[in-house]
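Step one of this worksheet: look at the structure below.
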Amino acid sequence: MTDHHHHENCLALFDKLSEYLDREADEETCRKIEEHLKICRPCAVCLATLKRTMAICKEQQEKPVPVDFSRKIRSMLGTLRP
Amino acid sequence: MKANRKPKQIHDDDTDLIRSIVAGQTDLFYEIVSRYEQKLYNFGLRLCKDESDSEDLVQETFLNVFKYLKGFRYETKFKNWLYRIATSVCIKKRRKSKFAPERELSLEEFIPGEGEAVPTEIPLWASMPLAQVLNEELAGMIRGAMKELPDKYRVVFVLRDIEGFSTGETAQILDITTANVKVRLHRARLFMRQQLKTYFEHD
Chain L
1 MTDHHHHENC LALFDKLSEY LDREADEETC RKIEEHLKIC RPCAVCLATL KRTMAICKEQ
61 QEKPVPVDFS RKIRSMLGTL RP
Chain Y
1 MKANRKPKQI HDDDTDLIRS IVAGQTDLFY EIVSRYEQKL YNFGLRLCKD ESDSEDLVQE
61 TFLNVFKYLK GFRYETKFKN WLYRIATSVC IKKRRKSKFA PERELSLEEF IPGEGEAVPT
121 EIPLWASMPL AQVLNEELAG MIRGAMKELP DKYRVVFVLR DIEGFSTGET AQILDITTAN
181 VKVRLHRARL FMRQQLKTYF EHD
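Line order of the protein sequences matches chains L and Y. For what it's worth, our numbering labels the leading residue of the first sequence as 1, then goes sequentially. For what it's worth, our numbering labels the leading residue of the second sequence as 1, then goes sequentially.
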């Protein structure tokens with residue numbers, strides 16, 4: 001399986017996985033990736049874990065701005081003249 | 001004779017507010033602060049060393065926006081212009097105090113080595129419902145992993161995958177080509193994936 005995964009085709013498509021997930025890959029590349037995913041389990045796993053990585057990172061919560069700092073910014077801007 | 005076409009002007013939710021401020025209603029600048037302080041503060045937390053640096057980033061960005069707002073040409077979204085300023089403030093700050101080593105990420109480092117096992121089953125963390133995977137500990141791990149990303153990859157990753165800018169917008173904000181954005185983003189994502197794999201496999 002490892003030998004198979006070092007196949008030239010895998011490596012070429014590996015380079016394009018983000019473009020594919022972002023729907024920025026051209027039609028020909030999409031077709032090749034989809035065909036390849038049907039027969040290559042390691043690449044399918046790679047795509048699934050990459051996709052999940054993006055989803056996890058996207059879900060990160062924002063921290064609120066410290067109240068004192070927010071007040072400081074506003075009072076600083078109050079002293080400025082255009 | 002060459003046509004001297006004016007670039008297309010963009011109108012979005014911020015445009016009227018910006019025009020009013022430029023026209024003299026400077027008190028409305030507080031509205032910009034309200035709209036963007038949390039976004040910028042969190043952008044800073046992801047790119048800067050700590051909370052204090054992030055506060056500096058927010059402050060310097062708003063000061064610059066206030067100073068240069070009259071020069072805003074409405075040719076991009078205001079938000080994109082704001083992030084362009086914030087990013088350049090951040091890059092200048094980071095040059096002064098580095099904390100992550102600047103290095104290139106190569107594709108090869110994310111490809112399993114000879115003899116290394118290649119997974120053929122989708123791991124649980126990638127197949128179970130997302131809500132069951134997310135928790136505070138994981139969030140902390142993600143924050144730490146992002147800080148390990150070399151600067152030029154992290155800024156692309158944050159703009160694209162956290163802030164949600166498109167490839168074209170990110171290229172414009174950073175003044176690099178879209179091809180460059182794509183290469184850096186892919187490597188940054190592979191880096192983050194590697195960190196997640198390690199985290200879950202050693203859990």
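All C-beta atoms in this analysis are idealised placements derived from N, C-alpha and C, irrespective of residue type, glycine included.
Any C-beta of chain Y under 8 Å from that of residue 49 of chain L
yes
For residue 117 of chain Y, does the three-state DSSP call read helix, strand or coil?
DSSP places residue 117 of chain Y in the coil class of the three-state scheme, outside both helix and strand.
So residue 185 of chain Y packs on residue 157 of chain Y, CB below 8 Å; how close in whole Å?
Indeed, because the Cβ distance is near 6 Å, the residues count as touching under 8 Å.
Please report how far the alpha carbon of residue 17 of chain Y lies from the alpha carbon of residue 32 of chain L, in whole angstroms.
47 Å
Quick one: list the residues of chain Y neighbouring residue 62 of chain L, beta-carbon separation under 7 Å, in chain order.
38, 42
Euclidean distance between Cα positions of residue 166 of chain Y and residue 182 of chain Y:
11 Å
Quick check: residue 74 of chain Y and residue 26 of chain Y, are their CB atoms within less than 8 Å of each other?
Inclusion of residue 74 of chain Y and residue 26 of chain Y in the CB contact set at 8 Å is not warranted, their separation being larger than that value.
Nearest to residue 168 of chain Y by alpha carbon, out of Y/161, Y/178, Y/162?
Y/178
The stretch 120-133 of chain Y: which residues have C-beta closer than 8 Å to a C-beta of chain B, in chain order?
Given the protein chain composition of this structure (L and Y), no chain B is represented.
What does residue 30 of chain L reach in chain Y if we use C-beta pairs closer than 7 Å?
Against chain Y, the beta carbon of residue 30 of chain L has no neighbour under 7 Å; the closest one sits roughly 15 Å away.
Amino acids of chain L, ordered along the chain, whose beta-carbon sits closer than 7 Å to that of residue 55 of chain Y
69
Beta carbon of residue 195 of chain Y nearer than 8 Å to that of residue 110 of chain Y:
no
Does any C-beta atom of chain Y lie closer than 8 Å to the C-beta of residue 75 of chain L?
no
With a threshold of 16 other CB atoms inside 10 Å of the CB of residue 175 of chain Y, please say whether the residue is buried or exposed.
exposed
From the beta carbon of residue 15 of chain L, is the nearest beta carbon of chain Y less than 8 Å away?
yes
Taking the C-alpha atoms as reference points, what is the distance between residue 55 of chain Y and residue 91 of chain Y?
15 Å
Grab the span of the alpha helix (DSSP H) containing residue 54 of chain L for me, first residue to last.
Annotation for residue 54 of chain L: the continuous alpha helix (DSSP H) segment containing it runs 41-58.
So, with DSSP's three-state summary, where would you put residue 161 of chain Y?
DSSP, reduced to helix, strand and coil, places residue 161 of chain Y within a helical segment of the structure shown.
Would residue 80 of chain L count as contacting chain Y if we go by Cβ distances under 8 Å?
yes
Closest Cβ-Cβ distance between residue 50 of chain Y and chain L: below 8 Å?
no
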